[in-house]
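Using this note's numbering, the final residue of the sequence shown is 482, and nothing's skipped along the way.
Each remark here refers to the structure printed beneath this line.
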Amino acid sequence: MTDETDLIVVGGGPAGVEAALAASERGLSVRLVDEAPQAGGQVYRAPPRAFGAKSQQKADRLGVALRDRLCASTVQTHFDHIVWSVSPGYRIDALGPNGAVSWRARAVIAATGAQERVVPFPGWTLPGVTGLAGATIMLKSQGMLPGGLTLVAGQGPLLLAVAMGILKAGGKLAAVVDLASQAEWLADWPAIASRPDLAWRGLSWQMALRRAGVPMLYRHAIREAEAKGDQLLVTLGPVDAGGAPIAGPEREFLVDAVTVGNGLTAATDITRLLRAGHRFEALRGGWVPERDEDFRTTLSGLYVAGDGAGIAGAAAAAIDGRLAALAVAHDLGRLSDETYQRLTMPLRRKARKAKRFGTAMAKLMALRPAQVAAIAAGTIVCRCEDVTRGEICAAVREGARGVNQVKAWTRCGMGPCQGRICGDIIGQLVTGTGNARVEAGYFTGRTPFRPLPLDELAPPIAYGDLQLPPPAPL
Ligand SMILES: Cc1cc2nc3c(=O)[nH]c(=O)nc-3n(C[C@H](O)[C@H](O)[C@H](O)COP(=O)(O)OP(=O)(O)OC[C@H]3O[C@@H](n4cnc5c(N)ncnc54)[C@H](O)[C@@H]3O)c2cc1C
């Protein structure tokens, strides 16, 4: 185990990098750990170094600038390191290219971002069906298309981003299928227009898709997908404002690939594991850590920032990161009250503006309970353990009161993803709607956060030296 640092930041997205930079600027010793090969997180994901050519896209330029600032700082970076446990005190355990490592820090900022949510439908686990957020990773990190002719479906800003990404990469689109109506996109126009650059980008994407002749279906969702040889036959139908299927003409598309997503949920592995307080915020991606305005959680020394503290987008995440780092510097006695107030005041103003736009986007991504209520009994909900909606609801009928009891009885959420993908849907299924979600609770945090090869963690075993017990008498 190496020396204790003042701060360890887990996550190298906009929130984590800005937090690490701000803390190091205040003289704190800082480590930044990320499982990705380079900083940037989801939004500024770096293409592999071997790709060489420099992209002219704005997000790529911002990512390069972020990485350059990090390189020029005193932050000690550890990329390609999966953090698999955080213990009180604080000890961070990670697995990197050279094996297992542990570090100690006086404070931790969890800036672990988000994960995507897909509302299950028959056929969502078929080969050729990927998540919308997953598709952004394919496009950004490998310049790879999800498939040939692709149907893009779901809700929120990633819908247009992925559709445009596919068009720009030379792919073909069968249709863009939006759960929201056009009126819903316009309802929050003042908030969206508070970021004219992003509002204009969204409009120009819509125009480009129309010019390319891509059918755009609003208030529609996938009813089912069925394998037809190497292709997928997708049936779509109209839905109401809550996302429930309604009577109306169904349409079929024969496609090579489907990419579908229903928003993002906050990645809370660390705060759940350490038993920090959480609260349910439907418009921030479900269960989020309880925190004050400077991102202190309910546990001393543990802070959160970015989408992991509640979905609000990349601009808000960067400001959150700086605020959280200043709170750490203040709490460790490196900033006087006066300097702390002076430095945080302008950041708080910026944060309010960034959150206005982020909240409008998060609203479009929010889970629609009626869509979940309409999931058919035979549909798989937990894809790691193949648990269906019918099995989950049977457990509730037999008396399971919360998601952890349903997990124990059915194994849903026990697979390699540890409920990151299905947890929010299971919570919704367990209790229905509204405040009842609070009673359903959330999956208790467990280590390891990611599947790990155990031989990397355990010392080598000399089997010949093992003391064997004497054979039991017959
Ligand atoms: C898959 C995905 C794709 C997205 N694509 C886009 C997009 O194209 N455009 C857009 O505007 N928004 C996108 N978003 C939303 C975007 O994540 C946020 O708005 C923004 O990036 C939030 O910044 P952040 O710093 O909070 O988190 P992130 O940028 O998500 O950064 C979190 C970082 O934490 C690291 N991390 C998490 N857990 C661990 C662990 N246990 N060990 C080590 N490292 C860990 C991750 O590798 C990641 O780099 C995407 C979200 C997801 C989930």
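Cβ atoms here follow ideal geometry from the backbone N, Cα and C, with glycine treated the same way.
- Taking C-beta atoms as the reference points, A220 and L175 count as a pair closer than 7 Å.
- One alpha carbon belongs to E464, the other to R397, and they sit about 36 Å apart.
- The residue from R428, L187 and I200 with its alpha-carbon nearest to that of L225 is L187.
- Straight across, the Cα-Cα distance linking G410 with L74 is about 42 Å.
- If you check the CB distance, E26 and G329 come in under 7 Å.
- The three-state secondary structure of C392, taken from DSSP, is coil.
- Taking 8 Å as the upper bound for CB-CB distance, V222 and L181 are in contact here, some 5 Å apart.
- In the displayed model, W111 falls within a strand according to three-state DSSP.
- One thing to note: G427 has its Cβ within 7 Å of the Cβ of F451.
- I383 and L375 have their alpha carbons spaced roughly 13 Å apart.
- By the neighbour-count criterion, in which 16 or more other beta carbons inside 10 Å mark a residue as buried, C79 falls on the exposed side.
- In this structure, the beta-carbon distance from F303 to L331 falls below 7 Å.
- W197 counts as exposed, since fewer than 16 other beta carbons sit within 10 angstroms of its beta carbon.
- In this structure, ligand 1 has no non-hydrogen atom nearer than 6 Å to the beta-carbon of P55.
- Between G316 and M369, the CB-CB gap reaches or exceeds 7 Å.
- In the three-state DSSP reduction, A359 falls in the helix class (H, G or I).
- Here G104 has H86, D88 and H89 as same chain residues with Cβ atoms under 7 Å from its own Cβ, once five neighbours each way along the sequence are excluded.
- Excluding its 5 nearest sequence neighbours in each direction, R125 has C-beta neighbours in its own chain below 6 Å: N270, G271, T273 and D432, listed in chain order.
- Counting only the Cα atoms, P461 lies some 20 Å from W111.
- Secondary structure of T306 (DSSP, three-state): coil.
- Per DSSP, the continuous beta strand (DSSP E) segment holding G269 begins and ends at A265 to G269.
- F261 is bridged by DSSP to V242.
- Taking A171 as the centre and dropping the five residues before and after it, the same chain places the C-beta of V160, L181, V184, W213, L217 and V222 closer than 8 Å to its C-beta, in chain order.
- S37 and T455 have their C-alpha atoms roughly 27 Å apart.
- With a contact defined as Cβ atoms closer than 8 Å, G314 and G21 qualify at about 6 Å.
- Taken atom to atom, the span from the alpha-carbon of I100 to that of S93 is near 6 Å.
- Taken atom to atom, the span from the alpha-carbon of G136 to that of D238 is near 9 Å.
- The beta strand (DSSP E) runs lying completely inside the stretch 326–380 and spanning 3 residues or more number zero.
- One thing to note: K358 has its Cβ within 7 Å of the Cβ of I327.
- For F457, the distance from the CB to the nearest heavy atom of ligand 1 is below 6 Å.
- Rounded to whole angstroms, the Cβ separation of C390 and G421 is 6 Å, and the two are in contact under 8 Å.
- In this model, A448 and T13 are separated by some 38 Å (Cα to Cα).
- Just so you know, the alpha carbons of R203 and T144 end up roughly 22 Å apart.
- DSSP, reduced to helix, strand and coil, places T144 within a helical segment of the structure shown.
- Within the model, the alpha-carbon separation for V51 versus G173 is close to 13 Å.
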